[in-house]
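In the working numbering, the protein residues as written are 406 to 863.
Cβ coordinates follow ideal geometry from the N, Cα and C atoms, glycine included.
Everything numeric in this text was worked out from a predicted model, so none of it was measured.
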């Protein structure tokens, strides 16, 4: 079976014009087959009705020669007696009175006529012996006796007419299919002529980040749809480029903090001579900051690359509690209280550890930056997800700024004395959504601010 499929696939046309022409040919062939069968079925029924009408007319003529007014059925002699006797059987009830001279009592036609006469009602049947013959019975009611006339008609002329019609239909179908295939190829080839030009233009525009678009005006419907699809493709390319620029900004934002720590440690180191212990401590801080920078780059770049190349990859799992512990140690151990759901010894989220850190770091950094006295971090398991709340007792987010909170580059107060580019919260939300989670702000929480991270359960 697979070999047959490979053969058909090899024989199938490779061009769009050839495939469309083949589809049109197959559709036309199916339609013509249905129409031809229906037409010939109707014509067969019509020819059979004509034959039955002929038999009824002949039976009515023979009835005039049968007398059923007396106690017995009598056959009257007429001038055209020999003509009327041809292919005619006359019965008194079920007793055969007269039959065609060429028919015998045991012949198939006579036996079929006997069966029709036994019904004593109008009935017809077809007998296929050497030639197809149609027989119809016509009962003649009488006062004391009843008679039945059975007439026969050779169907060969009618069958020949039906065969001729069928042959003519097949020839006409073949001609129509040939014309359909040729006209379809010509029409499709002409209609697809502008497609290559449009494709080349799209390739050129995408390479130079052009704002030109095909549009849908002054085009046939099909080409208008194609132009709309290509315009959407170009828009997606521009979106990708914009995302790349956004990723660059996010990297610079995330790298600013560890880089600042390195610069401060180096400046502090050069300010005056240090003891060996102080030098080792500075080296550890610099090494830790450099490792943090490397982790940030690997996390953001590898996550974007893996999602683009293999989005179906199974997500990693991370125990949330140790990650929270490490982050809280860096942002301010004396001011932060971590609370985990009671009884949950292991609280796993369906994200990689480094990615979880990148989602939580901007939230914790902002909470510590604006808190007056404390920051509370709580984590608990929900059906199918893990929820992490970051709560501070600071002034909260101004109501007028809530709608712009997660927009890149926006800050509530650029002159508040805190360093920042307005990219941390948008980055946290984007990374959370990339793994099927969410980062949200609760405007109804007072006092302070509460941010909630929802992530898939591990």
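| task | In angstroms with no decimal places, state the Cα-to-Cα distance between residue 582 and residue 591. | result | The residue labelled residue 582 in the question sits at position 177 within the chain shown. The residue labelled residue 591 in the question sits at position 186 within the chain shown. Rounded to the nearest angstrom, the two C-alpha atoms are 14 Å apart.
| request: Use the C-beta contact count for residue 444: other C-beta atoms within 10 angstroms, 16 or more gives buried, fewer gives exposed. | output: Position 39 of the chain shown, counting from 1, holds the residue named residue 444. If you draw a 10 Å sphere on the C-beta of residue 444, you find fewer than 16 other C-beta atoms in it, and that means exposed.
| said: I believe residue 597 touches residue 422 by the beta-carbon criterion, under 8 Å. Please report the beta-carbon distance rounded to the nearest angstrom. | reply: Counting from one through the chain shown, the residue named residue 597 turns up at place 192. Counting from one through the chain shown, the residue named residue 422 turns up at place 17. That pair is a contact at about 6 Å.
| With 16 as the cutoff for other CB atoms within 10 Å, does residue 855 come out buried or exposed? | In the chain shown, residue 855 corresponds to position 450, counting from 1. With 16 or more other Cβ atoms within 10 Å, it is buried.
| said: Between which two residues does the beta strand (DSSP E) holding residue 477 run? | reply: Reading the chain shown from its first residue, position 72 is the one you call residue 477. No beta strand (DSSP E) contains residue 477, which DSSP labels as neither H nor E.
| Would you call the CB atoms of residue 776 and residue 797 closer than 8 Å? | Position 371 of the chain shown, counted from the start, is the residue given in the question as residue 776. Position 392 of the chain shown, counted from the start, is the residue given in the question as residue 797. Yes, Cβ-Cβ distance for residue 776 and residue 797 is below 8 Å.
| query | Can you tell me the Cα-Cα spacing of residue 605 and residue 599, whole angstroms? | reply | Translated into the one-based positions of the chain shown, residue 605 becomes position 200. Translated into the one-based positions of the chain shown, residue 599 becomes position 194. Their Cα atoms are separated by approximately 10 Å.
| query | residue 529 bridges to which residues according to DSSP? | reply | Here residue 529 is taken as the residue at index 124 of the chain shown, counted from 1. Assignment of beta-bridge partners to residue 529 by DSSP yields 541.
| Closest to residue 732 by CA distance: which of 757, 556, 603, 763 is it? | Sequence index remark: in the chain shown, residue 732 carries index 327 (1-based). Closest option to residue 732, Cα to Cα, is 763.
| said: Counting C-beta neighbours from all protein chains within 10 Å, is the total for residue 495 16 or more, i.e. buried, or is it exposed? | reply: Position 90 of the chain shown, counted from the first residue, corresponds to residue 495. The residue in question, residue 495, is buried, as its Cβ has 16 or more Cβ neighbours within 10 Å.
| Quick one: Cα of residue 682 to Cα of residue 813, how far? | The residue you call residue 682 lines up with position 277 of the chain shown. The residue you call residue 813 lines up with position 408 of the chain shown. Answer to the nearest angstrom: the Cα atoms are 42 Å apart.
| said: residue 472 and residue 551 - do their beta-carbons sit closer together than 8 Å? | reply: As a working mapping, residue 551 is identified with position 146 in the chain shown. As a working mapping, residue 472 is identified with position 67 in the chain shown. No.
| For residue 365, which residues does DSSP report across the bridge? | No answer is possible for residue 365: it lies beyond the span of the chain, which begins at 406 and ends at 863.
| query | Expressed to the nearest angstrom, what Euclidean distance is found between the alpha-carbon atoms of residue 428 and residue 589? | reply | Translated into the one-based positions of the chain shown, residue 428 becomes position 23. Translated into the one-based positions of the chain shown, residue 589 becomes position 184. Rounded to the nearest angstrom, the two C-alpha atoms are 10 Å apart.
| message | If distances are taken between C-alpha atoms only, which option among 554, 457, 844 comes closest to residue 502? | response | On the chain shown, position 97 is the one that residue 502 refers to. Looking at the Cα atoms, 554 is the closest of the given residues.
| task | Check each candidate in 753, 726, 634 and name the one with the smallest Cα separation from residue 782. | result | Looking up residue 782 in the chain shown gives position 377. The option with the nearest alpha carbon to residue 782 is 726.
| request: Find the nearest neighbour of residue 570 within the set 449, 477, 469, 602, judged by alpha-carbon distance. | output: On the chain shown, position 165 is the one that residue 570 refers to. When only C-alpha atoms are compared, the closest one is 449.
| query | Which one of 535, 536, 514 has the shortest CA to CA distance from residue 529? | reply | On the chain shown, position 124 is the one that residue 529 refers to. Among 535, 536, 514, the Cα nearest to that of residue 529 belongs to 514.
| query | Which whole-angstrom value describes the C-beta separation of residue 540 and residue 560, a residue pair presumed to lie in contact below a C-beta threshold of 8 Å? | reply | For the purposes of this step, residue 540 is taken as the residue at position 135 of the chain shown. For the purposes of this step, residue 560 is taken as the residue at position 155 of the chain shown. Rounded, the Cβ-Cβ distance is 10 Å, inconsistent with contact.
| Residue ranges of each alpha helix (DSSP H) run of no fewer than 4 residues wholly in the region 410-469, ordered along the chain? | 421-468
| residue 858 and residue 844 closer than 8 Å at C-beta | Along the chain shown, read from residue 1 onward, the residue named residue 858 stands at position 453. Along the chain shown, read from residue 1 onward, the residue named residue 844 stands at position 439. It is a contact, given that the beta carbons lie within the stated cut-off.
| Cβ-Cβ distance between residue 830 and residue 767 below 8 Å | Here residue 830 refers to the residue found at position 425 of the chain shown. Here residue 767 refers to the residue found at position 362 of the chain shown. Cβ distance < 8 Å, so residue 830 and residue 767 count as in contact.
| task | Please name the residue, chosen from 861, 675, 670, 640, that lies closest to residue 691 on a Cα-to-Cα basis. | result | The residue given as residue 691 occupies position 286 in the chain shown. Closest option to residue 691, Cα to Cα, is 670.
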